[in-house]
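A.B. asks: Residues in the sequence shown are numbered from 3 upward in steps of one, following this note's numbering. There's a structure below that I have some questions on.
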Amino acid sequence: MPIQHSTVTKLRSAAESENYDKTTVSLTEALKSELSGKMFRDVDKFWDVHFEEKTWSSLTKSIWESYRDNGQCGPKNEFTCDMSEKAIRSWLDAFRDRYLNQLLQITEITGNLQPAGERNCTGPLVRGKFCHIEEKDQFDGGLSVRQVDFFIESVEIPDCHVHKWRDVRAVGEVTSSEKKVAVKINQMIRYVREIFYAQPLRRFVHGFCLHEKHVEFWIIDRAGAYSSGQIDVMKDQEKLVRGLASYMLMSDEELGLDPVTSYDDANRCFMTILDKNKAPEKLEVFAKPLARPETIVSRGSTCFKTIDNEYLIKFSWGSGAKENEIQFLNRAKQIPDVIQMENSGKLYEIETHRKSFQFPDDKIWVFNAIDQTLSPGKFDITFSDEPYMKRTLTFVKLTPVGRPLHTSVTVHQRGVTNGILIDLDMSSLRENENEKDLPRSITGTTRYMALELLQAIAQKQTSLKQTYRHDLESCFYVLIVGFRIINAFLPQFEGVKELAWNLRRILFGEKGLEFGSPMDPNILYDPIIKAFDGTIEKLEVYVLDKKNNDDIQTGRRGNLLVRKNSRKVAGRKK
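Given below as structure tokens:
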């Protein structure tokens, strides 16, 4: 069977700048940039797909009819267009107490409860409960301190003062102002970021924004976000009532929860790994992942280490390429210095919950960074965005664990010279030496890519002949980024600035306008090697001079100490 090569461009976004999430403004701007071109509002069939023809849909209709025919939430909690945020929360609590609590597995019926329709004893039960917090320190397990307007937890979780982000099933934002719609959507997105951080294997998150006369339901996943559009709740409250009731009745699968990760009463963490040839395997892992993303739209690469330190379980949303890491690792078996894969599989596809929708350009909505408003508009989606829609969550069980990696190099490990290759997510397959001159799918981290490759991406080329020069240029950018904070380094590394200027001149010429790849690679290699050698020699001289100075200073201190001791001895003799 012929080998299928990737036909899509695989781009990796670089990490956000340091401290980008330390302020609400900087974090919001980062998330808006991340969701650019991937946020759709008023998507056709949103309500029908997510809220109709479910096992509980007829029950939500009964709840709505009971609400409509029995005085809603009572005279003290009438839903109006001028409700304050406090009044909206009071209405939510009354709705829960009056219509939903009776659907719990064990319920004490009180005079305050209105019948939600006759329910079959085998019918759906309420799985969630409404929650909101009064103080910012009432959430644990996230990246930042957040005060959430509204969220849903499992009814099985006991009431407590401090909540965990890993337990949040759905999230909502409420406001009495129509002008704050964009602000509240931004806020909801920030909460979803916390949820994905605490639940890195989550498929998607349900959210909603309730503001004055409208409610809008959202789905946020690793590919972006899409919504129902604004629904006028003053003309018809049915979708508001049924939507909120639906969140309480949805199964874990319908809420996009992670079925792989579980915790016991002792807070130990387990991964249930599927095996093609035998029963599912349940492995205990360290609860804190070795690696996990802080972003929403990403490959979501997450790594857990087993408690016995034998295995690494890696999860990742694939790049959308025909070839994926599993296929590469299968080919790499028994190759020295490449990590070995014991098991692998596919867990979920983004398309599973998106297959019923179309996402045309006129449904893309963008944020105005200045006045925090929302406006519809065409967005130029590059060819690299499409794979997000087709991503698949995969897992690989790898061994051994604990080999030194480049990210583990510290002052205590500076003698380590051997590492191990673990990440093949962004690889491109090359069968033989003759393929080096063929155009390849453009692969890499955008921040470090050669200008010629970035130009090809801008022109929507799906492939390009890649040369040694592109690698040299990427190496230069890595050096520049690595030493951006040169003031934080020891003085001896000041010479790296000179190296950077020399490399720039070699790669781009005196005027900075040369981008070609000479036929003879030594035209670039020789001066680059010479520049590195020159910098290394200067560093060695600096280190040697410093050592000599230290030795001299040590000798002087030693002589002074000898003189002091001699005087003390002489004084005693007298």
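For each residue, glycine too, the CB sits at the ideal point set by N, CA and C.
(1) Taking only runs that begin and end inside the stretch 119 to 183, name each unbroken beta strand (DSSP E) of 3 or more residues, in chain order.
(2) How many Å lie between H216 and R43 at the Cα?
(3) Which residues mark the beginning and the end of the beta strand (DSSP E) in which G209 is found?
(4) Going by DSSP in three states, Q104 sits in which element: helix, strand or coil?
(5) Using 8 Å as the cut-off, can you tell me whether the stretch 238 to 247 makes contact with the stretch 46 to 66, which would need three or more C-beta pairs spanning the two stretches below that distance?
(6) Does the separation of the CB atoms of L29 and L251 fall below 8 Å?
(7) Tell me where the beta strand (DSSP E) around T354 begins and ends.
(8) Can you tell me whether T263 is helix, strand or coil according to DSSP?
(9) Quick check: what's the CA-CA separation for V262 versus T396?
(10) Pairs of beta-carbons, one from the stretch 196 to 216 and one from the stretch 163 to 171, closer than 8 Å: are there three or more?
(11) CA-CA distance, R393 and M343?
(12) In terms of residue numbering, what span does the beta strand (DSSP E) encompassing W319 cover?
(13) Roughly how many angstroms lie between the CA atoms of Y193 and V173, to the nearest whole one?
(14) Whole angstroms is fine: what's the gap from E496's alpha carbon to Y470's?
(15) Which class does E218 belong to by DSSP, given the choice of helix, strand or coil?
(16) Of the residues L314, V27, A89, L106, which one's Cα is nearest the Cα of R129?
(17) Might you give, ordered along the chain, the residues of its own chain that have their beta carbon closer than 6 Å to the beta carbon of N504, omitting 5 neighbours on each side?
(18) Looking at K316 and S300, is the spacing between their C-beta atoms short of 8 Å?
(19) Among residues of its own chain, excluding the 5 on either side of Y22, which ones have a beta-carbon nearer than 7 Å to its beta-carbon?
(20) Using CA atoms only, rank isn't needed, just tell me which of N326, I233, V51, T25 is closest to K357.
(21) What is the DSSP secondary structure of A581, reduced to helix, strand or coil?
(22) By DSSP, does C83 sit in helix, in strand, or in coil?
(23) With DSSP as the reference, please indicate the residues paired to L251 in a beta bridge.
(24) Counting C-beta neighbours from all protein chains within 10 Å, is the total for R416 16 or more, i.e. buried, or is it exposed?
(25) Contact between the stretch 146 to 157 and the stretch 267 to 282 is defined here as three or more beta-carbon pairs at a separation below 8 Å; is this criterion met?
(26) With 16 other CB atoms within 10 Å as the buried threshold, where does T537 fall?
(27) Closest by CA to E136, which one among D142, H163, I154?
(28) In terms of residue numbering, what span does the alpha helix (DSSP H) encompassing G497 cover?
C.D. replies: Reading from the atomic positions:
(1) 130 to 133, 152 to 156, 172 to 177
(2) 14 Å
(3) 206 to 213
(4) helix
(5) yes
(6) no
(7) Per DSSP, T354 belongs to no beta strand (DSSP E); it is in the alpha helix (DSSP H), 353 to 356.
(8) strand
(9) 12 Å
(10) yes
(11) 21 Å
(12) 314 to 319
(13) 8 Å
(14) 28 Å
(15) strand
(16) L106
(17) A533
(18) no
(19) S28, L29, A32
(20) V51
(21) The displayed coordinates of the chain run from 3 to 576. Any statement about residue 581 would go beyond what the structure contains.
(22) coil
(23) Paired residues: none, contrary to the question.
(24) Any reading at R416 needs caution, since the residue's pLDDT is 40, under 50, leaving its predicted position unreliable; the model's value is listed next. Result: exposed.
(25) no
(26) buried
(27) H163
(28) 497 to 510
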